[in-house]
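Q: Numbering (numbering that gives the first Met the number 0), first residue to last: 0 to 519. Where a beta carbon is used, it is the ideal one built from N, C-alpha and C, also for glycine.
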Amino acid sequence: MAGAIIENMSTKKLVIVGVILLLFQAFSFMVGGLIAPSPTTAVPYLATKCVDAVKTSQKDEWFMPWGPDQCIHIPLPHREMSPWFQFMLVILQFDIAFKLHNQIEDGAMATMDVRLAYRDDLMGAWTEMAHSIEHRKLNCNFTTSKTPENDGRYYECDLLPFMEVGSVSHKYYLLNIRLPVNERKKVNIGIGEIKDIRLVGIHQNGGFTKVWFAMKTFLTPSILIIMIWYWKRITQMTRPPVLLEKIIFALGISMTFINIPVEWFSVGFDWTWMLLFGDIRQGIFYAMLLSFWIIFCGEHLMDQTERNRLSVYWKQVGPIVFGSFCLFIFDMCERGVQLKNPFYSIWASDVGTELAMAFIIVAGICACLYFLFLCFMVFQVFRNVGGKRSALPAMTKARRLHYEGLIFRFKFLMLVTLACAAMTVIFFIISQVNEGHWHWGGYTVQVNSAFFTGIYGMWNLYVFALMFLYAPSHKRYGDGQSSVGDQGGNSGEDIQLTTTITHVDGPTEIYKMTGKEAQE
Numbered sequence: 000m001a002g003a004i005i006e007n008m009s010t011k012k013l014v015i016v017g018v019i020l021l022l023f024q025a026f027s028f029m030v031g032g033l034i035a036p037s038p039t040t041a042v043p044y045l046a047t048k049c050v051d052a053v054k055t056s057q058k059d060e061w062f063m064p065w066g067p068d069q070c071i072h073i074p075l076p077h078r079e080m081s082p083w084f085q086f087m088l089v090i091l092q093f094d095i096a097f098k099l100h101n102q103i104e105d106g107a108m109a110t111m112d113v114r115l116a117y118r119d120d121l122m123g124a125w126t127e128m129a130h131s132i133e134h135r136k137l138n139c140n141f142t143t144s145k146t147p148e149n150d151g152r153y154y155e156c157d158l159l160p161f162m163e164v165g166s167v168s169h170k171y172y173l174l175n176i177r178l179p180v181n182e183r184k185k186v187n188i189g190i191g192e193i194k195d196i197r198l199v200g201i202h203q204n205g206g207f208t209k210v211w212f213a214m215k216t217f218l219t220p221s222i223l224i225i226m227i228w229y230w231k232r233i234t235q236m237t238r239p240p241v242l243l244e245k246i247i248f249a250l251g252i253s254m255t256f257i258n259i260p261v262e263w264f265s266v267g268f269d270w271t272w273m274l275l276f277g278d279i280r281q282g283i284f285y286a287m288l289l290s291f292w293i294i295f296c297g298e299h300l301m302d303q304t305e306r307n308r309l310s311v312y313w314k315q316v317g318p319i320v321f322g323s324f325c326l327f328i329f330d331m332c333e334r335g336v337q338l339k340n341p342f343y344s345i346w347a348s349d350v351g352t353e354l355a356m357a358f359i360i361v362a363g364i365c366a367c368l369y370f371l372f373l374c375f376m377v378f379q380v381f382r383n384v385g386g387k388r389s390a391l392p393a394m395t396k397a398r399r400l401h402y403e404g405l406i407f408r409f410k411f412l413m414l415v416t417l418a419c420a421a422m423t424v425i426f427f428i429i430s431q432v433n434e435g436h437w438h439w440g441g442y443t444v445q446v447n448s449a450f451f452t453g454i455y456g457m458w459n460l461y462v463f464a465l466m467f468l469y470a471p472s473h474k475r476y477g478d479g480q481s482s483v484g485d486q487g488g489n490s491g492e493d494i495q496l497t498t499t500i501t502h503v504d505g506p507t508e509i510y511k512m513t514g515k516e517a518q519e
């Protein structure tokens, strides 16, 4: 009877915690959808054409699109950039007119002498930030016939990656783009007649940045407190931590690593490496999350194999580590180089494009293999758990309720995991195909912002729920009657969710039920 009371209380607590987490999840989506603006803003720019009479690049000479020294200025007139914008991504497009005597050749390459400068005062001098000679392959199509009647019509050219800066710590930026011509070296020969250069500057909205920072600031102590509480409960046990408890704690550490709002410092310091650092933090968390799912399923297989060692999972965890390493190398080849040269793009050359695609394909193959194997393990777990339920009728009512609670909570966590993964994919697709916002009554819902804040809050809640549900409980219940086949068992035990835990004073009852005791 005592066991039944404890199980009923545990179920009620689980329901209460579930309701609280769902309410916070809804709040996370509403913060992004109703409070935060759109995550990013795209601003179009048109380059002003200037003629350099000297025809030599002077380091201290800058051309401006307006003013007495009248060739692209960021931002537009009467506006300022802000550190709250976090990053600046620039896309380039050429407006090229068709001419019978000056057509675009196959494999044409545009060579640009580009310089980036900044200043924080409208009357101050420009300070050079970056200078590079860049090459971009033109991919243009002329949709009509190449006849004299169509002379002067424009090609349809693809957008080209141009520049990415990892911080926006200055108020004004200036871009000078030169198109040098050298017939002997075939520089900018056969690229057609360039009429205009159009740029699109993309930066994060300051309002969204503030909401994002506030969420990280709030969630950091929340996860840190539950993580400390979780590990304290484990260290109070009379046994050493098992693999599943260690991996959950490691997952909490990786989540805390993402949450720590170091971005606050980027408002006051020119830290151009913040984009790369953010990618590394996310990569560590997702690699840990994928590893946790494999170990979580393996530790619940309930077969005759003892898996309480990380080395047992090297075949499953190996592809995760290898795929993550490939993505890390790809990121270093892109954003790592951009720390020195913001105009660099790995996609600008054929070799770089092939190398990048190779890394992405290998990582994709690893992801597919992982997904298939994870589905197979989940199927095995549910099949084995269903088979073990046949042993429940032979137990006393208290123990049966206890184990039914364990099985229920395991299935509940598996369904929550699938729901989190499904919501991530669904909201990502919605954010890509919709117009960015919905009108709901008198409110405007920013779908993209809701996606970012909602999914971020969801994974924090997931890690929080894991540590809360799988923290060892110190409650003990007595059992006045022994069940059939359970003679000689302990009269009391720790009530907890994990299924492969062995105490120093003997295996727990659920460990006996899995049949693993015979292996010791």
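Taking residue 135 as part of the beta strand (DSSP E), name the residues at either end of that continuous run.
A: By one-based count along the sequence shown, residue 135 stands at place 136. It spans 126-136 - the beta strand (DSSP E) in which residue 135 sits, taken as one unbroken run.
Q: What are the start and end residues of the beta strand (DSSP E) that includes residue 95?
A: Your numbering for residue 95 matches position 96 in the sequence shown. Taken as a continuous stretch (DSSP letters only), the beta strand (DSSP E) holding residue 95 covers 87-96.
Q: Cβ of residue 189 within 7 Å of Cβ of residue 104?
A: Sequence index remark: in the sequence shown, residue 189 carries index 190 (1-based). Sequence index remark: in the sequence shown, residue 104 carries index 105 (1-based). Contact: yes.
Q: Leaving out five residues before and five after residue 294 in sequence, what residues of the same chain have Cβ atoms less than 7 Å from its Cβ?
A: For the purposes of this step, residue 294 is taken as residue 295 along the sequence shown, with counting starting at 1. Taken in chain order, the residues that qualify are 242, 243, 246 and 312.
Q: Assign residue 176 to one of three DSSP states: helix, strand, or coil.
A: On the sequence shown, residue 176 is found 177 positions in, with the first residue counted as 1. Strand.
Q: Quick one: what's residue 278 bridged to in DSSP?
A: Translated into the one-based positions of the sequence shown, residue 278 becomes position 279. BP columns for residue 278 are empty, so no partner.
Q: Which residue's Cα is closest to the Cα of residue 75: 224, 108, 275 and 121?
A: By one-based count along the sequence shown, residue 75 stands at place 76. Ranking 224, 108, 275 and 121 by Cα distance to residue 75 puts 121 first.
Q: Just to check my reading of the structure: residue 420 and residue 28 have Cβ atoms closer than 8 Å, yes? What is that Cβ distance to the nearest angstrom?
A: Indexing the sequence shown from 1 puts residue 420 at position 421. Indexing the sequence shown from 1 puts residue 28 at position 29. About 17 Å separates the two Cβ atoms, so there is no contact after all.
Q: Relative to the C-alpha of residue 319, which candidate in 285, 331 and 350 has its C-alpha closest?
A: What you label residue 319 is simply residue 320 of the sequence shown in a count that begins at 1. Nearest option by C-alpha distance: 285.
Q: When you compare only the Cα positions, how much space is there between residue 337 and residue 117?
A: As a position in the sequence shown, residue 337 is number 338, starting the count at 1. As a position in the sequence shown, residue 117 is number 118, starting the count at 1. Spanning the two alpha carbons is a distance of roughly 17 Å.
Q: Going by other Cβ atoms of all chains shown within 10 Å of its Cβ, with 16 needed for buried, is residue 367 buried or exposed?
A: Position 368 of the sequence shown, counting from 1, holds the residue named residue 367. So residue 367 counts as exposed.
Q: Taking buried to mean at least 16 other C-beta atoms within 10 Å of its own C-beta, is residue 137 buried or exposed?
A: Here residue 137 refers to the residue found at position 138 of the sequence shown. So residue 137 ends up on the buried side.
Q: Take the Cβ of residue 268 as the centre, count every other Cβ of all protein chains shown within 10 Å, and call the residue buried at 16 or more, exposed below.
A: Counted from its first residue, the sequence shown places residue 268 at position 269. Classification of residue 268: exposed, given that the 10 Å Cβ count is below 16.
Q: Do you know offhand how far residue 16's Cα is from residue 226's?
A: The residue labelled residue 16 in the question sits at position 17 within the sequence shown. The residue labelled residue 226 in the question sits at position 227 within the sequence shown. Spanning the two alpha carbons is a distance of roughly 17 Å.
Q: Please classify residue 183: is it buried, with 16 or more other beta-carbons within 10 angstroms of its beta-carbon, or exposed?
A: Counted from its first residue, the sequence shown places residue 183 at position 184. Answer is exposed; the Cβ neighbour count stays below 16.
Q: Just the Cα atoms here: how many angstroms apart are residue 470 and residue 214?
A: In the sequence shown, the residue the question calls residue 470 occupies position 471. In the sequence shown, the residue the question calls residue 214 occupies position 215. Using only the alpha carbons, I get a separation of about 25 Å.
Q: Unbroken alpha helix (DSSP H) runs of length 4 or more, entirely within the stretch 222-273: which are they?
A: Runs of the alpha helix (DSSP H) inside the stretch 222-273: 242-258.
Q: For the alpha helix (DSSP H) that contains residue 312, what are its first and last residues?
A: By one-based count along the sequence shown, residue 312 stands at place 313. Residue 312 -> no alpha helix (DSSP H), and no H or E assigned at all.
Q: Report back the beta-carbon spacing between residue 180 and residue 202 to the nearest angstrom; my notes put them in contact at under 8 Å.
A: By 1-based counting over the sequence shown, the position of residue 180 is 181. By 1-based counting over the sequence shown, the position of residue 202 is 203. Contact flag wrong, Cβ pair sits at about 33 Å.
Q: Would you give the residue range spanned by the beta strand (DSSP E) that residue 200 belongs to?
A: The residue given as residue 200 occupies position 201 in the sequence shown. 192-203 is the span of the beta strand (DSSP E), which, as asked, contains residue 200.
Q: Would residue 251 pass as a contact of residue 462 if the rule is Cβ separation under 7 Å?
A: Working through the sequence shown from its first residue, we reach residue 251 at position 252. Working through the sequence shown from its first residue, we reach residue 462 at position 463. Yes. Within cutoff.
Q: DSSP three-state label for residue 188, please.
A: Position 189 of the sequence shown, counting from 1, holds the residue named residue 188. Three-state DSSP puts residue 188 in coil, outside helix and strand.
Q: Here's the rule: buried if 16 or more other CB atoms are within 10 angstroms of the residue's CB, otherwise exposed. What is residue 80?
A: Start at 1 with the first residue of the sequence shown, and residue 80 comes out as number 81. It is buried - the Cβ of residue 80 has at least 16 other Cβ atoms within 10 Å.
Q: Tell me which residue opens and which closes the beta strand (DSSP E) that residue 108 is part of.
A: To locate residue 108, count along the sequence shown from 1; it is residue 109. It spans 108-118 - the beta strand (DSSP E) in which residue 108 sits, taken as one unbroken run.
Q: Along the beta strand (DSSP E) that carries residue 454, what are the first and last residues, could you check?
A: If you number the sequence shown from 1, residue 454 lands on position 455. Residue 454 -> not in any beta strand (DSSP E); alpha helix (DSSP H) instead, spanning 446-468.
Q: Taking only runs that begin and end inside the stretch 345-375, name each unbroken beta strand (DSSP E) of 3 or more residues, in chain order.
A: None, since the stretch 345-375 contains no complete beta strand (DSSP E) of that length.
Q: Since residue 73 is in the beta strand (DSSP E), which residue starts that stretch and which ends it?
A: For this step, residue 73 is matched to residue 74 along the sequence shown. Looking at the DSSP string, the run of the beta strand (DSSP E) that includes residue 73 is 71-73.
Q: Distance check for residue 358 and residue 132, CA to CA, integer angstroms please.
A: The sequence position of residue 132 within the sequence shown is 133, counting from 1. The sequence position of residue 358 within the sequence shown is 359, counting from 1. Those two C-alpha atoms are separated by around 26 Å.
Q: Judging by CA-CA distance, which residue of 134, 321 and 296 is the nearest neighbour of residue 349?
A: Stepping through the sequence shown from its first residue, residue 349 is reached at position 350. Out of 134, 321 and 296, 134 has the C-alpha closest to the C-alpha of residue 349.
Q: DSSP three-state label for residue 478, please.
A: Taking the sequence shown and counting its residues from 1, the one referred to as residue 478 is at position 479. Residue confidence for residue 478 is low, a pLDDT of 45 falling below 50, so the modelled location carries little weight; the figure read from the coordinates is stated next. Residue 478 falls in the coil class under three-state DSSP.
Q: Considering only residues of the same chain and omitting the five flanking positions on each side of residue 20, which have a CB-CB separation below 7 Å?
A: Reading the sequence shown from its first residue, position 21 is the one you call residue 20. Cβ neighbours of residue 20 beyond the five flanking positions: 460 and 464.
Q: If you draw a straight line from the alpha carbon of residue 521 to that of residue 71, how long is it in whole angstroms?
A: Residue 521 lies beyond the stretch modelled for the chain, which goes from 0 to 519, so this question has no answer here.
Q: For residue 212, which of helix, strand or coil comes out of DSSP?
A: Counting from 1 along the sequence shown, the entry for residue 212 is found at position 213. In this structure, residue 212 counts as helix in the three-state DSSP scheme.
Q: I'd like to check one pair, residue 163 with residue 98: are the Cβ atoms closer than 7 Å?
A: Looking up residue 98 in the sequence shown gives position 99. Looking up residue 163 in the sequence shown gives position 164. Taking 7 Å as the Cβ cut-off, residue 98 and residue 163 do not qualify as a contacting pair.
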